[in-house]
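Note that the protein sequences, when read in sequence, are chains A and B.
Using the working numbering, you'd call the opening residue of the first sequence number 1 and step up by one each time.
Using the working numbering, you'd call the opening residue of the second sequence number 1001 and step up by one each time.
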Amino acid sequence: MRLMAIVDAAVRMPGLEDLTMYRSTASVPFAGRYRLIDFTLSNVVNSGISSVGIFPTNPFVSLLDHVGMGKSWDLDRRKDGLFLLPPSQLTGGHMSVGAFAVMEEHRAFITKSRRQYVVITNCYTVSQIKYHKMLQAHIESGVDITEAVSGDISLKSYIMSRELLMELVDVYKEKRIISVEDLVNLKKKPYTYGRYEYEGYLAVIDSVQSYFHESMALLDVERWGELFLHECPIFTKVKDEPPTRYLKGSLVKRALLANGGTIEGSVTESILGRAVMVRKNAKVDHCIIMQKCVIGEGCDLSYVIADKDVHIESGVVLHGTKENPVVLRKGERVLKEEVG
Amino acid sequence: MKTEIVAMLLAGGQGSRLKSLTYNIAKPAIPFGGKYRIIDFPLSNCMHSEIHTVGVLTQYQPHVLHNYIGLGTPWDLDRRNGGVTMLTPYAAMSGIRWYDGTANAIYQNIKFLMGHDPEYVIILSGDHIYKMDYGMMLDFHKEQQADATISVIEVPWEETNRFGIMNTDENMNITEFVEKPKDAKSNLASMGVYIFNWQKLKDYLIMDNENEDSSHDFGHDIIPLMLGKGEKLVAYPYKGYWKDVGTVESLWEANMDLLNPDSGLNLHDSAWRIFSSNPQLPPQVITETGYVQESFINEGCVIEGRITKSVVFQDVYVKEGAIIEDCVIMSGVVVGNGAKLSRAIVPPSFNVPDNFEIDNPEGGIILLTDEIVEKWKGSGEHAFDGNR
């Protein structure tokens, strides 16, 4: 494989702040059992790429814990494999994909590689893009930089030669560009630009609203089937949770559930993460309930996003709206009196 | 640091009473509980008991097991010191010998054990479903200053004729071992879990090997031989869930036990998790037409039909109109539109045709096979009568 990958996991998403208090955008949970970065890393390995650098940003404990040495993606290699390339300053990330300042700090990762081409990508566009096909199109077109697009929407993924990337890292200050995304948007000369048209599943997660909308869209089995392709599995850190158990009296319809759950109440039009407990007579409708949440007896929830480890006491009633879902932060305890 | 204890896990059993489920895989590799294989239980027990050196003895259809266990990563057995070692019968200067009896299998691996030179050896079986802290059993063994400790479980008196029974005195010293007795004096059944002082065991394995009349079995030969020589053998009383899944019926029952909160078998206990090799599959989907009640469902499933009191493994597709009750549906199965299944085990990757039906009101447990489906097609697609 002539291609290496740089996964820019340090792009800030102001619209997602409710979910990124304790983690970077890259490790926001999505589709029940995944983090956003899983989709990018899976695309990378499903494209045959075995040399990957990740730019993490603060707070990165969650991301480091999740990605580890890259074992789940078969990237724990003696030769090549996964490299975590954190910034030397504890910044909260940057605003566009492929920041040259970070690349400059990790110039050795790029210069030492034997690969001829680089794909620079991000974690908040979820797709099933095949970078080796994009590379082929890039080479055939003869342009300097190729951008992946789907109609009018950019996947914020770019391919160029490693040589050109090294050159850009040398001259970016003088040319007054801050990132690859910036360069492609400004179409700076003398470089030539091309587009690679991607067809398939695409979700851009840049706000709580788009997060909620794209999560709910997965309840449509056809859309689910576009993202979860048998031949291109999405890899994630394994957790050894047992299968989900449905107890007597449970009612589950149009729902996506990860393993380890215990369902005794009703779950409709919702996505449940790992090891979620929905107690008796609880009603969960149009909700995203993340890992290890407990929904108490007789709760009535709709349009709620509950982050990890949220405990909702018995009898709590909480209703958000499609446009403004209620977001409960990680580890919150919700008591009946508080809601009123 | 010196290795204190080495586990020898006997995983060579065929399990012929499990019929077509074990034509191509050994019994310990049989799928169980929606995502596990039986061997996950002893391996996870070793992990929780901090036993880090495990020899897995295989003989019958070993490939699936070898591939499954690999480096032992799911059980933290991929280690520099110790870890997991697959032990198959091998050729030596003295010739080629198959494992002939449980004790003989260990005898043939004396060199492996001498290499580790542990204080103790624990013999385990890959055929049983149970959660047990072998560390507590080892503590008991040391306290009793025993030469061998055998884990026992109380079984119903009327079933004593199915087990190897230990007769003990009031201090749990074993006085006699009786295989499948007609008139049992005790209801303490051996669980096939033995701890030996390694040096003692080595001597007895050599002694037993020289006896041409021996069947080279732990229960049958080694234990009586040690008792005869006046060694101190004690019974370690285990309380909890334990099941030998030797037949299609008992495999089905053990799966159903998962659905019964009072069975004592809880896989949702995060303090004693059962570890397994995890396939990377998406979350399960229950669609608009799906209905699930009192069941276990694993990842990758798409459920459009109705499922009650069943255990469903990963990557199963239950199409609309299908009705499944009291079943074990193994991985990769497709259940066709309108198919009706009850009290059945569907083996991995099986295709249940549209409208297939089993009519089996009070019959035994049916293990679905291609022949059954062919017969159903031949009969003009009338309900297959499981009693015939």
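Backbone N, C-alpha and C fix where the C-beta goes; we use that ideal spot for every residue, glycine too.
Go through its chain and collect everything with a Cβ distance to residue i's Cβ below 7 Å, but skip five positions before and after it.
i	result
Ile1222 (chain B)	Ala1103, Tyr1204 and Asp1208
Arg1017 (chain B)	Gly1246 and Thr1247
Phe109 (chain A)	Gly53, Phe83 and Leu85
Gln209 (chain A)	Glu323
Whole angstroms are fine: how far does the CA of residue j sit from the CA of residue i?
i	j	result
Met103 (chain A)	Val169 (chain A)	7 Å
Ala5 (chain A)	Pro29 (chain A)	22 Å
Ala1271 (chain B)	His1066 (chain B)	28 Å
Gly261 (chain A)	Gly1072 (chain B)	26 Å
Met1226 (chain B)	Leu1233 (chain B)	8 Å
Gly1015 (chain B)	Asp1127 (chain B)	9 Å
Ala1339 (chain B)	Glu1325 (chain B)	11 Å
Ser1250 (chain B)	Glu1320 (chain B)	30 Å
Leu202 (chain A)	Leu164 (chain A)	28 Å
Met13 (chain A)	Glu197 (chain A)	25 Å
Tyr1090 (chain B)	His1220 (chain B)	25 Å
Gly200 (chain A)	Glu323 (chain A)	26 Å
Leu1281 (chain B)	Tyr191 (chain A)	42 Å
Met1 (chain A)	Lys130 (chain A)	13 Å
Gly1364 (chain B)	Phe1032 (chain B)	19 Å
Asp1147 (chain B)	Tyr1120 (chain B)	10 Å
Lys237 (chain A)	Lys71 (chain A)	8 Å
Arg274 (chain A)	Phe39 (chain A)	18 Å
Asn1183 (chain B)	Glu313 (chain A)	With the sequence shown as reference, residue 1183 (chain B) is identified as Asp, and Asn is not the correct amino acid for it. Cα to Cα, the separation comes out at about 56 Å.
His223 (chain A)	Phe212 (chain A)	Looking at the sequence provided, one finds Arg at residue 223 (chain A) rather than His. Each residue's alpha carbon lies about 15 Å from the other.
Trp1252 (chain B)	Cys1327 (chain B)	8 Å
Ile1123 (chain B)	Ser1094 (chain B)	26 Å
Arg1388 (chain B)	Ala1189 (chain B)	For Arg1388 (chain B), the predicted structure reports a pLDDT of 46, less than 50, and the residue's modelled location is therefore unreliable. A value from the coordinates is still provided. Answer to the nearest angstrom: the Cα atoms are 35 Å apart.
Asp1117 (chain B)	Asp65 (chain A)	37 Å
Ile1212 (chain B)	Asp1100 (chain B)	For clarity, residue 1212 (chain B) is Glu in the given sequence; the question names Ile instead. About 12 Å.
Asp1244 (chain B)	Arg1343 (chain B)	20 Å
First and last residue of the beta strand (DSSP E) that includes residue i?
i	result
Val276 (chain A)	Unbroken run through Val276 (chain A): none, as it is neither H nor E.
Ile1206 (chain B)	Segment Trp1198 to Glu1210 is the alpha helix (DSSP H) holding Ile1206 (chain B); no beta strand (DSSP E) there.
Lys253 (chain A)	Leu251 to Leu257
Gly1115 (chain B)	First-last for Gly1115 (chain B): Ile1110 to His1116, but that is the alpha helix (DSSP H), not the beta strand (DSSP E).
Val52 (chain A)	Ser51 to Phe55
Glu105 (chain A)	That residue, Glu105 (chain A), is in no beta strand (DSSP E); its alpha helix (DSSP H) goes Phe100 to Glu105.
Glu197 (chain A)	Tyr193 to Glu197
Tyr346 (chain A)	Missing from the structure shown is residue 346 (chain A); chain A here goes from 1 to 340 and no further.
How is the alpha helix (DSSP H) around residue i delimited, first residue to last?
i	result
Ala1254 (chain B)	Val1248 to Asp1257
Gly315 (chain A)	Looking at the DSSP string, Gly315 (chain A) is not in any alpha helix (DSSP H), and its letter there is neither H nor E.
Glu1374 (chain B)	Asp1370 to Gly1378
Asp1217 (chain B)	Where Asp1217 (chain B) is concerned, there is no enclosing alpha helix (DSSP H), given that its DSSP letter is neither H nor E.
Leu301 (chain A)	From DSSP, Leu301 (chain A) is part of no alpha helix (DSSP H) but of the beta strand (DSSP E) over Asp300 to Ser302.
Met1136 (chain B)	Tyr1134 to Glu1143
Tyr246 (chain A)	Element bounds for Tyr246 (chain A): not the alpha helix (DSSP H) but the beta strand (DSSP E), Thr244 to Tyr246.
Glu1325 (chain B)	Looking at the DSSP string, Glu1325 (chain B) is not in any alpha helix (DSSP H); the run it does join, the beta strand (DSSP E), is Ile1323 to Glu1325.
Looking only at its own chain, which residues have a Cβ that is under 6 Å from the Cβ of residue i, when we skip the five neighbours before and after it?
i	result
Ala26 (chain A)	Ala9, Leu36, Ile37, Leu63 and Cys123
Ser383 (chain A)	Because chain A here runs from 1 to 340, residue 383 (chain A) falls outside it and cannot be looked at.
Ser266 (chain A)	Leu251 and Lys283
Lys1375 (chain B)	none
Val48 (chain A)	Reading off the sequence shown, one finds Gly at residue 48 (chain A), where the question assumed Val. Excluding residues within five positions, the ones whose Cβ falls inside 6 Å are Met1 and His132.
Asp1302 (chain B)	Sequence inspection shows Val at residue 1302 (chain B); the Asp mentioned does not correspond to that position. Within the same chain, Val1302 (chain B) has close Cβ partners Val1285 and Tyr1317.
Ile1329 (chain B)	Val1312, Val1316 and Val1346
Lys253 (chain A)	Thr268
Val327 (chain A)	Asp18 and Ile305
So does residue i have its beta carbon nearer than 8 Å to some heavy atom of the ligand MG?
i	result
Asp285 (chain A)	The ligand MG is not part of the structure shown, which contains no ligands of any sort.
Item checked: At least 3 beta-carbon pairs within less than 8 Å: the segment 77-90 of chain A vs the segment 169-186 of chain A -> no
Check: Does the pairing of the segment 1003-1018 of chain B with the segment 1051-1060 of chain B give three or more beta-carbon distances under 8 Å?
Finding: yes
Item checked: Validate contact between the segment 239-251 of chain A and the segment 49-58 of chain A using beta carbons, cut 8 Å, 3 pairs -> no
Next item on the list: Spell out a yes or no on whether the segment 249-268 of chain A and the segment 1266-1285 of chain B are touching, meaning 3 or more CB-CB pairs, one atom from each, closer than 8 Å.
Entry: yes
Check: On the three-pair Cβ rule with 8 Å, is the segment 321-339 of chain A touching the segment 1104-1113 of chain B?
Finding: no
Notebook entry, point to check: What residues from the segment 239-253 of chain A come within 9 Å of chain B, judged by C-beta to C-beta, listed N to C?
Noted result: Lys239, Asp240, Glu241, Pro242, Pro243, Thr244, Arg245, Tyr246, Leu247, Lys248, Gly249, Ser250, Leu251, Val252 and Lys253
Next item on the list: Quick one: which residues of the segment 36-63 of chain A get their C-beta closer than 8 Å to a C-beta of chain B? List them in chain order.
Entry: none
Notebook entry, point to check: At a Cβ cut of 7 Å, what residues of the segment 131-150 of chain A count as close to chain B, listed as they run along the chain?
Noted result: none
Check: Using a beta-carbon distance cut-off of less than 8 Å, what residues from the segment 312-333 of chain A approach chain B?
Finding: none
Notebook entry, point to check: Between the segment 10-37 of chain A and chain B, which residues of the former have CB atoms less than 8 Å from a CB of the latter, in chain order?
Noted result: Ala31, Gly32 and Arg33
Notebook entry, point to check: So, do the segment 1154-1174 of chain B and the segment 1073-1093 of chain B have three or more beta carbon pairs nearer to each other than 8 Å?
Noted result: no
Note to self: Taking contact to mean 3 or more Cβ pairs, one atom from each stretch, closer than 8 Å, check whether the segment 1189-1196 of chain B and the segment 1252-1261 of chain B are in contact.
What the structure shows: no
Item checked: Contact list for the segment 82-95 of chain A against chain B, Cβ threshold 8 Å -> none
Checklist line | Interface positions of the segment 1309-1343 of chain B facing chain A (Cβ-Cβ less than 7 Å), listed along the chain | finding: none
Note to self: Please list, in chain order, the residues of the segment 92-126 of chain A that have any C-beta partner in chain B closer than 8 Å.
What the structure shows: none
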